[in-house]
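*Asks:*
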């Protein structure tokens, strides 16, 4: 349970908001639950709701609304390529398509070993350094800019090794 | 321009370290106002400087602060670090490279607003950045620059970061407040404005990162100095984000009123392969598209001049489109964006962007019927003026203006009119 395994972190999150405004902690707690469980199952959503006295449906609506929460399992590592206009003008679409080809998956799919999902996302505020993607992984979100298919594949290789060890 | 006001890290190495920042005059502004100035004096000074909101609306910052409902406490300050407009990447550079000037700006704003708590709402993707800001906030505590009874005064201030989780709409200030309260990021009906009922229904100031980062130099060097930069009504510098078909995409801090031509050719190195420019999106995806005529290229980028040629400055994210770019494709990308990011609250935006996306799917597929260009335009007009927030407006502006200004580009994508052929 989050309550038992992350007591201090939960207290730290709650301390950011006025005592009568606990609901503000729901988004950071969802990130915590996602880190713990990989994705947000109905059980995980209910657990976050219980911590704050919120109904599961209220919490689930947030999971559906915000794109960084995942209620379905995907790869352990999500490569999220921005293909919005400024990035597309600098070759991001071709980059994303070729990356999928090399991994032998379609956009949005996960590699057969369950490690890597490639997704298209909207603007990540890194338009001058396209092609770029963010890596959403269990311990957070990290930017990778000025990418080529070669550099992305090298990173993915390293992640696969790391993913098998962890 | 040789000296940066906001991107000072480009002139001073290591400015992201607290010691370096303090050695270069850091926190003098905050200390001096807490020791010597009343909140009202700070508000008056910022009003006098002419500083306007850098997030897109261009509303006078000091005036916004003066709308706070008197005598109601607690109050809150929220830094809008939800930067998500396609083509905008300035706030990220500011917070990564010049974080203490930004945090000092937040502190100055909080003092002026008489708020004892400030939240920095970062988009969820800025995960690494938010963690770094948390460390910087701890450092400020350790040095006595945040916390209780600052500089032996009665004033106390705490700062907290808060991560969003992927939603463009949360850059809209009332949607941001909803999100910060743990709800869906959907805009509120106004009035009441945040200055009356904002975060937790208390008087609140929401300001953009770049706006706040302008405050320490304004306090240190005075309103007169600041208003001597830029134009009469658009004072100061602006960080212009340049992307698309240019040699050197990036951020350029220049006085407001600098021309598109100077920014694109002198600063960003012009267009690769010596191609000419077909069009400019001056405010990311959120403003009318401009044909790159000499008149437009020689227009000053400020809050008054860009509207005169038929668009707006917004957050000054200039996307350059060269002569080879297909304008219908550009607008299909923009429409995809807004269809995805519409929060779903207002029907004209939620359904209108969906319909426009489907028409664009047929256009880029070259299977659209000739009448669909007009239909696209009328859907866009149908969205405008009928939504709670500006996103609906933004979603339609580029489309309707492109149909009006670049119609032949759309006609290339429709199937032949069989009735005319017969």
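Protein chains in written order, with my numbering: chain A, 1303 to 1468; chain B, 124 to 545.
The C-beta atom is built at its ideal place from N, Cα and C for all residues, glycine as well.
1) Are three or more beta carbon pairs between the stretch 1427–1446 of chain A and the stretch 1379–1386 of chain A nearer than 8 Å?
2) Check the Cβ-Cβ distances between residue 1443(A) and every residue of chain B, and say whether any is below 7 Å.
3) Return the chain-ordered ranges of every beta strand (DSSP E) run that is complete within the stretch 149–225 of chain B and spans a minimum of 3 residues.
4) Which class does residue 544(B) belong to by DSSP, given the choice of helix, strand or coil?
5) Could you round the C-beta distance between residue 1329(A) and residue 305(B) to whole angstroms and report it? I think they count as a contact, below 8 Å.
6) Using only alpha-carbon positions, find the residue among 376(B), 529(B), 227(B) that is nearest to residue 448(B).
7) Where do the ends of the alpha helix (DSSP H) carrying residue 1307(A) lie?
8) On a CA-only basis, which of 436(B), 418(B), 381(B), 268(B) is nearest residue 410(B)? Give me that one, please.
9) How about residue 346(B) and residue 369(B): are their beta carbons less than 7 Å apart?
10) CA-CA distance, residue 463(B) and residue 1334(A)?
11) Any idea if residue 1421(A) is buried or exposed, counting beta-carbon neighbours within 10 angstroms, 16 or more meaning buried?
12) Using Cβ-Cβ distances below 7 Å, what residues of the stretch 1348–1363 of chain A are close to chain B?
13) Cβ of residue 1267(A) less than 7 Å from any chain B Cβ?
14) Only counting runs of 4 or more residues, tell me where the alpha helix (DSSP H) segments fall wholly within the stretch 489–514 of chain B, in order along the chain.
15) Can you give the Cα-Cα distance for residue 186(B) and residue 236(B), rounded to whole angstroms?
16) Quick one: what's got a C-beta closer than 8 Å to residue 136(B)'s C-beta in the same chain, skipping five residues either side?
17) Between residue 1408(A) and chain B, is any beta-carbon pair separated by less than 7 Å?
18) Would DSSP call residue 282(B) helix, strand or coil?
19) Using a beta-carbon distance below 7 Å, is residue 383(B) in contact with chain A?
20) Looking at C-alpha atoms only, which residue of 1451(A), 1304(A), 1367(A), 1345(A) is the closest neighbour of residue 1404(A)?
21) Using C-beta distances below 7 Å, list every residue in its chain close to residue 198(B), excluding the 5 sequence neighbours before and after it, in chain order.
22) Classify residue 1344(A) as helix, strand or coil using the three-state DSSP reduction.
23) Contact between the stretch 397–414 of chain B and the stretch 508–522 of chain B is defined here as three or more beta-carbon pairs at a separation below 8 Å; is this criterion met?
24) So which residues on chain A does residue 408(B) lean against when the C-beta distance must stay under 9 Å?
25) Determine contact between the stretch 283–297 of chain B and the stretch 1369–1380 of chain A, defined as no fewer than three beta-carbon pairs at a distance below 8 Å.
26) Can you check whether the CB of residue 1437(A) is closer than 7 Å to the CB of residue 1444(A)?
27) Would you mind telling me which residues of chain A sit closer than 8 Å to residue 209(B), beta carbon to beta carbon, in chain order?
28) Give the residues of chain A in contact with residue 291(B), contact being defined as C-beta atoms less than 8 Å apart.
29) Taking the alpha carbon of residue 303(B) as the point to measure from, which residue in 1304(A), 1316(A), 1303(A), 1310(A) has its own alpha carbon closest?
30) What does residue 1380(A) pair with, by DSSP beta-bridge criteria?
31) Please confirm whether residue 1318(A) has its beta-carbon closer than 7 Å to some beta-carbon of chain B.
32) What's the C-alpha gap between residue 545(B) and residue 539(B)?
33) Could you tell me whether the stretch 272–285 of chain B touches the stretch 239–257 of chain B, using the rule of 3 or more Cβ pairs below 8 Å?
34) DSSP has residue 245(B) in a bridge; who is on the other side?
35) Starting from residue 1391(A), find everything on chain B with Cβ-Cβ shorter than 8 Å and list it in chain order.
36) Please confirm if the stretch 410–427 of chain B is in contact with the stretch 474–490 of chain B, defined as three or more CB-CB distances below 8 Å between the two stretches.
*Replies:* Once the coordinates are examined:
1) The answer is yes - the stretch 1379–1386 of chain A touches the stretch 1427–1446 of chain A, with three or more Cβ pairs under 8 Å.
2) Here residue 1443(A) corresponds to residue number 141 of the first chain, with the count starting at 1. At least one CB of chain B lies nearer than 7 Å to the CB of residue 1443(A).
3) Listed in chain order, they are 199–204.
4) Position 421 of the second chain, counted from the start, is the residue given in the question as residue 544(B). Any reading at residue 544(B) must be qualified, since the residue scores a pLDDT of 44, below 50, and its modelled position is unreliable; the value itself is stated next. Residue 544(B) falls in the helix class under three-state DSSP.
5) By 1-based counting over the first chain, the position of residue 1329(A) is 27. By 1-based counting over the second chain, the position of residue 305(B) is 182. 6 Å between Cβ atoms; contact.
6) Counted from its first residue, the second chain places residue 448(B) at position 325. Of the residues 376(B), 529(B), 227(B), the one whose Cα lies closest to the Cα of residue 448(B) is 529(B).
7) As a working note, residue 1307(A) is residue 5 in the first chain. Segment 1304–1307, the alpha helix (DSSP H) holding residue 1307(A).
8) Looking up residue 410(B) in the second chain gives position 287. The shortest CA-to-CA distance from residue 410(B) to any of 436(B), 418(B), 381(B), 268(B) is the one to 436(B).
9) Along the second chain, one-based indexing puts residue 346(B) at 223. Along the second chain, one-based indexing puts residue 369(B) at 246. Taking 7 Å as the Cβ cut-off, residue 346(B) and residue 369(B) do not qualify as a contacting pair.
10) As a working note, residue 463(B) is residue 340 in the second chain. As a working note, residue 1334(A) is residue 32 in the first chain. Here the alpha carbons of residue 1334(A) and residue 463(B) stand approximately 26 Å from one another.
11) Taking the first chain and counting its residues from 1, one reaches residue 1421(A) at position 119. It counts as buried.
12) From the stretch 1348–1363 of chain A, only 1363 have a Cβ closer than 7 Å to chain B.
13) Because chain A spans 1303 through 1468 in this model, residue 1267(A) falls outside it and cannot be assessed.
14) Here the runs fully enclosed are 494–506.
15) In the second chain, the residue the question calls residue 186(B) occupies position 63. In the second chain, the residue the question calls residue 236(B) occupies position 113. Between residue 186(B) and residue 236(B), the alpha-carbon positions lie close to 12 Å from each other.
16) As a working mapping, residue 136(B) is identified with position 13 in the second chain. Here the set comprises 143.
17) As a working mapping, residue 1408(A) is identified with position 106 in the first chain. Chain B contact via Cβ: absent.
18) In the second chain, counting from the first residue as 1, residue 282(B) sits at position 159. Three-state result, residue 282(B): strand.
19) For the purposes of this step, residue 383(B) is taken as residue 260 along the second chain, with counting starting at 1. No - not a single Cβ of chain A is within 7 Å of the one on residue 383(B).
20) Counted from its first residue, the first chain places residue 1404(A) at position 102. Cα-wise, what sits closest to residue 1404(A) is 1451(A).
21) As a working note, residue 198(B) is residue 75 in the second chain. Cβ neighbours of residue 198(B) beyond the five flanking positions: 191, 236, 237, 238, 325, 326, 327.
22) As a first step, residue 1344(A) must be located in the first chain, where it is residue number 42. Residue 1344(A): helix per DSSP, three-state reduction.
23) The stretch 397–414 of chain B makes contact with the stretch 508–522 of chain B, as at least three CB pairs between them are under 8 Å.
24) Here residue 408(B) refers to the residue found at position 285 of the second chain. What residue 408(B) touches in chain A, judged by beta-carbon distance under 9 Å, is 1386, 1387, 1425, going in chain order.
25) Segments in contact, yes.
26) Taking the first residue of the first chain as 1, we reach residue 1444(A) at position 142. Taking the first residue of the first chain as 1, we reach residue 1437(A) at position 135. The answer is yes: Cβ separation under 7 Å.
27) Your numbering for residue 209(B) matches position 86 in the second chain. Chain-order list of chain A residues neighbouring residue 209(B): 1386, 1387, 1388, 1424, 1425, 1429, by C-beta distance under 8 Å.
28) Looking up residue 291(B) in the second chain gives position 168. Scanning chain A for C-beta atoms nearer than 8 Å to the C-beta of residue 291(B) yields 1424, 1425, reported in chain order.
29) The residue labelled residue 303(B) in the question sits at position 180 within the second chain. Measuring C-alpha to C-alpha distances from residue 303(B) to each of 1304(A), 1316(A), 1303(A), 1310(A) identifies 1316(A) as the nearest.
30) The count along the first chain starts at 1 and reaches residue 1380(A) at position 78. The partner list for residue 1380(A) (beta bridge, DSSP) reads 1419(A), 1438(A).
31) For the purposes of this step, residue 1318(A) is taken as the residue at position 16 of the first chain. By this cut-off, residue 1318(A) is an interface position.
32) By 1-based counting over the second chain, the position of residue 545(B) is 422. By 1-based counting over the second chain, the position of residue 539(B) is 416. At residue 545(B) the pLDDT is 40, less than 50, meaning the model places this residue with poor confidence and gives no usable figure here.
33) In this structure the stretch 272–285 of chain B touches the stretch 239–257 of chain B; the number of beta carbon pairs closer than 8 Å is three or more.
34) Locating residue 245(B) in the second chain gives position 122, counting from the first residue. Within the DSSP bridge table, the entry for residue 245(B) names 204(B), 286(B) as partners.
35) Counted from its first residue, the first chain places residue 1391(A) at position 89. Within 8 Å of the CB of residue 1391(A), the CB atoms of chain B belong to 366, 367, 368, 442, 444, 448, in sequence order along the chain.
36) Output reads no: the stretch 474–490 of chain B does not touch the stretch 410–427 of chain B.
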